[in-house]
Structures are given as C-alpha cells and as structure tokens.
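Novice: For any residue, its number in our numbering is found by taking its place in the sequence shown, counting from 1, and adding 818. Heads up, the beta-carbon is just placed ideally off N, CA and C, and yes, glycines get one too. A quick note: this is a predicted structure, and the numbers were derived from the prediction, not measured. Pasting in a structure now, in structure tokens, and then I'll have a few things to ask.
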Amino acid sequence: MKEKLYTIPLNDAVMANDECPFCFIERKLEQDLMDFVLGNSASYMEADVRDMTDRAGFCRDHSRKMFEYGNTLGNAWILKTHLMRLNKEMKQEMKHYSGHAGGGLFKSRTASGKNNSLSTWIQSKQDSCYICNQFQEMYQRSMDSFLNLYVKDSEFREKILASKGFCLYHFSDLCEYAQSHLSDRERSGFFPPLFDLMSKNMDRIFEDVSWLVEKFDYRNADADWKNSRDAIQRAMQKLKGGYPADPPYKMKK
C-alpha cells in the first residue's frame, strides 16, 4: 500500500495495534490542536485565530485540558478577548429579556420555561468549542479515508481485520458513516467481517477483565497475569473510547 499524506495518520494508528485506531487518531488530533492553540508557535497571538477562538470559545472538557496544558499567558490572552466579546453579547441578551412573558420595561423575546431566550443563548455558548469544531472537521476526513482505504485497498483491509477492532464509541460512528456513504454492495462486504472482528475482540476484553478478577483469589496468587494487568483501562477504552490511563497533556518545554 503506497502511503499518501492523508493515509499516514490512519496507517500510524493501525500500526500502533491499539484497542481502537480512531482513539489513537483522536488523541493525536486533539494534542496537535492543543499545540496549535497554546503551544510555542503562539497561534493565540494571531488575529485570525484569536477571532475564531473568541467566537467559539471552549467546552468544559477542553477548558480543563487547556488549564492542564500549562501556558498561563496564552490562556490569559485567550480568556481576556473571549470574555470581552462574551460580556458584550450577554449584556445585549439581558437587555432584551424579562423574567416573565410580555411584562416589565423590556419585552421578552420568547415565552418562559424551556423557551427561555437567555438560557438558550447561554447553552449555545456552553456547547460551542473551537477545538471540538476543528477536530470534527478532521475526524470526518479520517472517516472518509478509512472507508476509502478499506473498500479499495486489500492490504489495509487485511490489517484492520487482523487488528483489535474499535471502541464502541467510534464503532458507532463508523457504522453510521458507512451506512450513509457506502453503496449497498459495499455495505454487504463491509459490515459482516467487522461485526465478527468486534465480537471476537469484545470477548477478548471480557476474558482479560474476568481473569483480572480471578487473580485476586488467593488460589491464583502465583498464576500468570496473562493479558490482565492493564485490562481495566483497556476495557474502559473499549466501552467509551479515549485513554483513561493517560496523564494530562502538557506544553512541551
């Protein structure tokens, strides 16, 4: 299989022989985005990047990861200009809002309850994230590349079918993406072998966790650990995705 620029991340992920190649890709993409936003390249000082981060902000998860990353000045600059925009927007939202429908000095834009306009605006900000947005675009390209290689490249397909499969989180995305992007003929050759692959590897994870439990029985104290030493984090990854045992990703010195 001849590598092209867009296939390199996928091939790296498959060669890692991980529990899920898309977890590997997700971690690499997120770390690259953290480096871009806060790293030594100082992208946060560029006006066009700052404008995008000001508009989008960051979700709770990525706010925590940005704090853990360790660039105090970079975080402060990003927060300063984002807060400047957010505070201006918030004051406009509150100016046109009253706590009850149709009353007071200002007329509420919406009815009370679930249609509360201020709550809707705040929620839109909570759900918005520059890193999530950028990641999603790159992730879609990874899905496209995966399907293209799996269908057209027999060597890549063999590597996947000899792998440890996928986590359930990313397998769900893959199934949905394949359903909408492959033809009927392609789907008939896509799903059955991957279903077998997932069944086999979910059984493998179950056996590893089960043996870890058995190792705590005094009768098995001297028995081989087999593949159970890291079974907890691998099982958690298999069920939900990600890397539970990873330390926080920090700025490179």
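Leaving aside the five residues before and after Gly-983 along the sequence, list all residues of the same chain whose C-beta is less than 6 Å from its C-beta, in chain order.
Specialist: If we look at Gly-983 and ignore the five residues flanking it on each side, its Cβ neighbours are Leu-1015, Met-1016, Asn-1019.
Novice: My output table needs one value for Lys-1056: the three-state DSSP class, helix, strand or coil.
Specialist: In this structure, Lys-1056 counts as helix in the three-state DSSP scheme.
Novice: Report all residues from its chain with a CB closer than 7 Å to the CB of Cys-947; omit the five preceding and five following residues, and keep chain order.
Specialist: The residues are Ala-874, Gly-875, Phe-876, Cys-877, His-880.
Novice: For the region 948 to 1016, list the alpha helix (DSSP H) runs that are entirely contained and at least 4 residues long, ordered along the chain.
Specialist: Runs found: 948 to 970, 972 to 979, 986 to 999.
Novice: So, at 8 Å on beta carbons, what are the nonlocal neighbours of Gln-1055 in its own chain, with the 5 sequence-adjacent residues on each side left out?
Specialist: Contacts found: Glu-837, Cys-838, Cys-841, Cys-985, Tyr-1061, Pro-1062.
Novice: Buried or exposed: Leu-856, going by 16 or more other Cβ atoms within 10 Å of its Cβ?
Specialist: It is buried - the Cβ of Leu-856 has at least 16 other Cβ atoms within 10 Å.
Novice: From Arg-1047, Leu-847, Arg-959, pick the residue whose C-alpha is nearest to that of Phe-1034; which is it?
Specialist: Measuring from the Cα of Phe-1034, the nearest candidate turns out to be Arg-1047.
Novice: Please classify Asn-1038: does DSSP put it in a helix, a strand, or coil?
Specialist: Helix, per DSSP.
Novice: Would you please state the rounded distance, in angstroms, between the beta carbons of Leu-965 and Leu-1000? I believe it to be under 8 Å.
Specialist: At roughly 7 Å, the Cβ-Cβ gap stays under 8 Å, so Leu-965 and Leu-1000 are in contact.
Novice: Look at the Cβ atom of His-900, then the Cβ atom of Asp-872, and state whether they are nearer than 8 Å.
Specialist: For His-900 and Asp-872, yes; Cβs fall inside 8 Å.
Novice: In this structure, how does DSSP classify Asp-830 when only helix, strand and coil are distinguished?
Specialist: Of the three classes helix, strand and coil, the one that applies to Asp-830 here is helix, per DSSP.
Novice: Please name the residue in Phe-854, Asn-1045, Arg-1037 whose C-alpha comes closest to that of Phe-1024.
Specialist: Checked all of Phe-854, Asn-1045, Arg-1037; the closest Cα to Phe-1024 is Asn-1045.
Novice: Here's the rule I'm using: 16 or more other beta-carbon atoms within 10 Å means buried, otherwise exposed. How should Val-969 be labelled?
Specialist: So Val-969 counts as buried.
Novice: Counting only the same chain and skipping the five closest in sequence on each side, list residues whose C-beta sits under 6 Å from that of Ala-1041.
Specialist: Around Ala-1041: no qualifying Cβ.
Novice: Leu-967 and Leu-828: beta carbons closer than 8 Å?
Specialist: Yes, these two residues count as a Cβ contact at 8 Å.
Novice: If Tyr-995 and Lys-883 are in contact, beta carbons under 8 Å, what's the gap, nearest whole angstrom?
Specialist: Not a contact, Cβ separation roughly 26 Å.
Novice: What residues in its chain sit with their C-beta under 7 Å from that of Trp-1043, if we drop five residues either side in the sequence?
Specialist: Cβ within range, chain order: Lys-1033.
Novice: Let me confirm a value: Arg-1003 is counted as buried when at least 16 other C-beta atoms fall within 10 Å, else exposed. Which label applies?
Specialist: Classification for Arg-1003: exposed.
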